[in-house]
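Which chain is which? The protein sequence lines are A and B, in order.
All residue numbers for the first sequence refer to the numbering used here, where the first residue is 1 and numbers rise by one.
All residue numbers for the second sequence refer to the numbering used here, where the first residue is 250 and numbers rise by one.
For every residue, glycine included, the Cβ atom is placed at its ideal position computed from N, Cα and C.
First the structure, in the form of structure tokens, and then the observations on it.
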Amino acid sequence: MNQNITIDAKGIYYRQLNEAIKASLQDKINTIELQNVNGQRYIGAGITNDATISIQGTPGNDLAAYMDGLTLQVYGNAQDGVANTMNKGTIIIHGDAGDALGYAMRGGEVYVKGSVGYRVAIHMKEFQEKVPLVVVGGKAGSFFGEYMAGGILILLGLRGREEQPIVGDYCGTGMHGGIMYIRGSVEEHKLGKEVKPVEMTEEDHQRLALYVGRFAEHFGEDKEEILAQPFTKLIPYNKRPYGNLYVGA
Amino acid sequence: MKVNYLMPEFLIDRDEQRCTHCRICVHQCANEAHLWNDKKKIVYGEDQNCVNCHRCVATCPTRALRIRNYPLEYKNNAHWTPHYIKSIFKQANSGGILLAGMGCDRPYPVYWDHLLINASQVTNPSIDPLREPMELKTFLGRKPEKLSFQNGKLAEALPPQVELDIPIMFAAMSFGAISLNAMTSLAMAAKEMGTCYNTGEGGLHSSLYQYGENTIVQVASGRFGIDPEYLNAGTAIEIKIGQGAKPGIGGHLPGEKVGMDVSQTRMIPEGSDAISPAPHHDIYSIEDLRQLIYSLKEATNYTKPVAVKIAAVHNSAAIASGIARAGADIIVLDGLRGGTGAAPLRTRDSVGIPIELALAAVDQRLRNESIRNEVSLVVAGSIRCSSDVVKAIALGADACYIGTAALIALGCHMCQKCYTGKCNWGIATQNPKLTKRLDPEEGAERAANLLRAWSREIKEMLGGMGINALESLRGNRLMLRGIDLSERDLAILGVKAAGE
């Protein structure tokens, strides 16, 4: 049975707002609408639940940190640290997002309609059936996928500031796992020295069709048009980028 | 002819009259320092491979083995000691960063050895702990500025506290750096003695969730094995910013040590490197640290104290003040001598400051700013015995962490080769042939015995000072006197000179 509730977040401090959200979830409410959200931090943080929260406004930092299962719809922009160490769940952001989105994320999916800041998907990992996914519709700042240890990172470049390149510098620096797909081409000088572009396989095309399809569905875009342009696939040279650095004293 | 410049570090001295060539040493040595010649049917030594861990000596049934320093003298030179010559040989061979295990072993001053403890004589009589109760109970966490009561009860609930029966905990050592049997030993001992062990940054093995009340779970930059269940599993959460053995740099568990069990606990694929970058990618300021502290409090509904661990460095006092203001409930200071499974040697031996000085400076700074009550102070990195604990408490610590001492209790012989993964004592290894040498029941008993012994000694010393509760010793620097210290050292330590 669907149980809905609306919470007006106007003027409420994050601690009280998050308490109200947790109390609602305890009452088996499975759809929460938050109105007038304006910078409240930690929404969804550490919550294990399958409910859906829709957020009107701009949630604050560490949205969905350690989150384990919720679906978050953000009708606005998100700030820094979205999906920090997230384990499970889905986040759909109908706007832009800030820095370090997906830091150490282990599972779940994040879709951003617009652009993202620096160090997105930094140290993203994967484990067994958990393969995190981040799809960014716009452009990304520097250090995209830095230290990435697993998961799938897709950058579409459909929108964003015209003068800005699709991705900043040091893309994939220190990467030692996972796959990155960037629509179009990336100049070699932008890549970290631990990553290399490789040929797309049939599996890659199927994977992109699946995830870009979901992205297009979330934001009402044309999947085929997005996929019509070739993608650059980036993977790390090896799982042990720093293997031969040491000698026993 | 290519000559190897590196001579063995140790000489295996086998008493041929006692040796029965039974091959126990061959089976016991994972470093292959003892080998079997099948043609001649004899055991022989490969000095080059010996790390002097004493495993063969301890297990030789006829006491036929002795390990000596290799009798190779370099020409005397006060500046170019053999250490530097050999290090250069190694690096010229390999181009590698020198890697070492355990803590700094250089002869810097040990301030514990320059501090002496007071005792009562005639006035304020001493107390006999054998006949009178002595209180070592310790609560870690934020203490309110004042208490208010309503109807004889606290008007406001106290912030969450870690309750310890003794002021000594086992320091953060991750599953990966040490074996599961070693971790289990410490967890069981912590439970037995009413204290805590610390998961380190390697996640929490499923078999250890049962020790939750005695567990401090760590959150480090690699964020390994962290999910809501993990965060809620322990009695407190510790954010690791740095550690004394390698301040300013990250950690790096090589893929070879990431077998199935470690992989599941860290939640990363088998065989992949577990890289903990130097900084947390979401922390670049005290404000950012506050954000992480409060994200953890939010994720655990404000039920657990959050600790922040930093290495003792030059401006620890100012940093600690920031950490307290960022909302941490406990500050952990890890000194220059703090141990590790692997650290670059030059960092281990040259970066950071001794814990004694950092502790005194931090405690004083927090007092000066009237925020000492807002945090508990835990010190780590060099505590070797009960009197070190007493001195630390008197300098201002609320409790101590012991890592190296705990491992020695489990059988570590301080060969400093933890990073090779070939620990013959079954501690710093994931090789099942070696890990089974450490029986968790026996390990737990030994580790608990150590804590028991130290607790008794602490009570003796407290009683000697005429103090019957550890609380009365905290920050009581009048109970300490310095010996053979400069005016400056005395001022920083906040103690008078012996005789004053």
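Can you grab the Cα-Cα spacing for the pair residue i / residue j, in whole Å?
| i | j | result |
| --- | --- | --- |
| K558 (chain B) | W703 (chain B) | 24 Å |
| S413 (chain B) | E129 (chain A) | One detail in the question is off: residue 413 (chain B) reads as Leu in this sequence, not Ser. Roughly 39 Å between the two C-alpha positions. |
| N87 (chain A) | M422 (chain B) | 24 Å |
| R272 (chain B) | V306 (chain B) | 13 Å |
| P382 (chain B) | R730 (chain B) | 27 Å |
| I93 (chain A) | K125 (chain A) | 21 Å |
| R638 (chain B) | L453 (chain B) | Checking the displayed sequence, the identity of residue 638 (chain B) turns out to be Val instead of Arg. Whole-angstrom Cα-Cα distance: 28 Å. |
| I122 (chain A) | E405 (chain B) | 41 Å |
| R472 (chain B) | E188 (chain A) | 30 Å |
| M175 (chain A) | L538 (chain B) | 25 Å |
| K193 (chain A) | E394 (chain B) | 53 Å |
| N698 (chain B) | W285 (chain B) | 38 Å |
| G499 (chain B) | L208 (chain A) | 34 Å |
| T71 (chain A) | S565 (chain B) | 42 Å |
DSSP three-state label for residue i, please.
| i | result |
| --- | --- |
| P689 (chain B) | helix |
| T464 (chain B) | strand |
| A121 (chain A) | coil |
| D204 (chain A) | helix |
| G40 (chain A) | One detail in the question is off: residue 40 (chain A) reads as Gln in this sequence, not Gly. DSSP places Q40 (chain A) in coil when its eight states are reduced to three. |
| S525 (chain B) | strand |
| S185 (chain A) | coil |
| C667 (chain B) | helix |
| M710 (chain B) | helix |
| G390 (chain B) | coil |
| V292 (chain B) | strand |
| E505 (chain B) | helix |
| F215 (chain A) | helix |
| P593 (chain B) | strand |
| N617 (chain B) | helix |
| Q79 (chain A) | coil |
| N4 (chain A) | strand |
| C286 (chain B) | Reading the sequence as shown, one finds Asn at residue 286 (chain B) and not Cys. Residue state, collapsed to three classes: strand. |
| D68 (chain A) | strand |
| D738 (chain B) | helix |
On a Cα-Cα basis, can you pick out the residue from the options that is closest to residue i?
| i | options | result |
| --- | --- | --- |
| S115 (chain A) | A:L158, A:V82, A:L133 and A:I122 | A:L158 |
| V300 (chain B) | B:P382, B:A349, B:E322 and B:S625 | B:A349 |
| Y75 (chain A) | A:D96, A:N61 and A:D68 | A:D96 |
| L711 (chain B) | B:L385, B:C309 and B:Y293 | B:L385 |
| A368 (chain B) | B:K495, B:Q679, B:N673 and B:K708 | B:K708 |
| N673 (chain B) | B:M250, B:C278 and B:A527 | B:C278 |
| S434 (chain B) | B:L719, B:A658, B:I741 and B:N717 | B:A658 |
| K139 (chain A) | A:V131, A:A100, A:Y147 and A:L155 | A:L155 |
| H501 (chain B) | B:N564, B:G590 and B:D583 | B:G590 |
| K489 (chain B) | B:Y460, B:L457 and B:P526 | B:P526 |
| A718 (chain B) | B:N318, B:T387, B:A313 and B:D733 | B:T387 |
| I235 (chain A) | A:G150, A:E221, A:G81 and A:R207 | A:G150 |
| H205 (chain A) | A:P230, A:V112, A:G89 and A:K196 | A:P230 |
| Q459 (chain B) | B:G451, B:P408, B:N447 and B:M437 | B:M437 |
| D531 (chain B) | A:V212, A:I182 and A:R119 | A:R119 |
| G692 (chain B) | B:N430, B:E450 and B:A746 | B:N430 |
Grab me the residues of residue i's own chain with a C-beta within less than 7 Å of its C-beta, minus the 5 sequence neighbours each way, in chain order.
| i | result |
| --- | --- |
| A641 (chain B) | L608, V628, I632 and C649 |
| N373 (chain B) | G715 |
| A523 (chain B) | G425, G471, F473, L502, V507, R515 and I517 |
| A696 (chain B) | S434, L435, A438, A655, A658 and L659 |
| I651 (chain B) | I417, F419, A420 and I632 |
Please work out which residues of its chain come closer than 6 Å, Cβ to Cβ, to residue i, disregarding the five sequence neighbours upstream and downstream, and give them in chain order.
| i | result |
| --- | --- |
| C353 (chain B) | L585, R586, R597 and D598 |
| G117 (chain A) | G98, D99 and G141 |
| G244 (chain B) | No answer is possible for residue 244 (chain B): it lies beyond the span of chain B, which begins at 250 and ends at 749. |
| L17 (chain A) | A9 and Q40 |
| C445 (chain B) | M418, A439, N463 and I465 |
Which residues in the same chain have their Cβ closer than 8 Å to the Cβ of residue i, if we skip the five residues on either side of it in sequence?
| i | result |
| --- | --- |
| Q79 (chain A) | G39, T58, P59, G60, N61, L63, A97 and G98 |
| L25 (chain A) | I32, I47, N49 and A51 |
| K329 (chain A) | The structure shown does not extend to residue 329 (chain A), since chain A spans only 1 to 249, so no value can be given for it. |
Closer than 9 Å between beta carbons: that is the criterion. Which residues of the stretch 144 to 158 of chain A meet it against chain B? E146, Y147, A149 and G150
Contacting positions in the stretch 579 to 592 of chain B - beta carbon closer than 9 Å to chain C: Any reference to chain C falls outside this structure, whose protein chains are A and B.
In the stretch 341 to 365 of chain B, which residues sit with their C-beta less than 7 Å from some C-beta in chain A, listed in chain order? S343, G345, I346, L347, L348 and A349
Short of 9 Å Cβ to Cβ, which residues in the stretch 659 to 684 of chain B face chain A? Hits within the stretch, in order: Q665, K666, Y668 and T669.
Chain-ordered residues of the stretch 597 to 611 of chain B with a beta carbon less than 8 Å from chain A: Within the stretch 597 to 611 of chain B, no residue has a Cβ lying closer than 8 Å to any Cβ of chain A.
To be precise: take each residue of the stretch 33 to 56 of chain A, compare its Cβ to all Cβ atoms of chain B, and keep it if any distance is under 9 Å. Which residues remain? R41, Y42, A45, G46, I47 and T48
Which residues, taken in chain order from the stretch 56 to 80 of chain A, show a beta carbon closer than 9 Å to some beta carbon of chain B? N61, D62, A65, Y66, M67, D68 and D80
Could you list the residues in the stretch 177 to 191 of chain A with a C-beta less than 7 Å from some C-beta on chain B, going in chain order? G177
For the stretch 116 to 133 of chain A, which residues have a beta carbon sitting closer than 9 Å to at least one beta carbon of chain B? Those residues of the stretch 116 to 133 of chain A placed with their C-beta closer than 9 Å to a C-beta in chain B are R119, I122, H123, K125, E126, F127, Q128 and K130, ordered along the chain.
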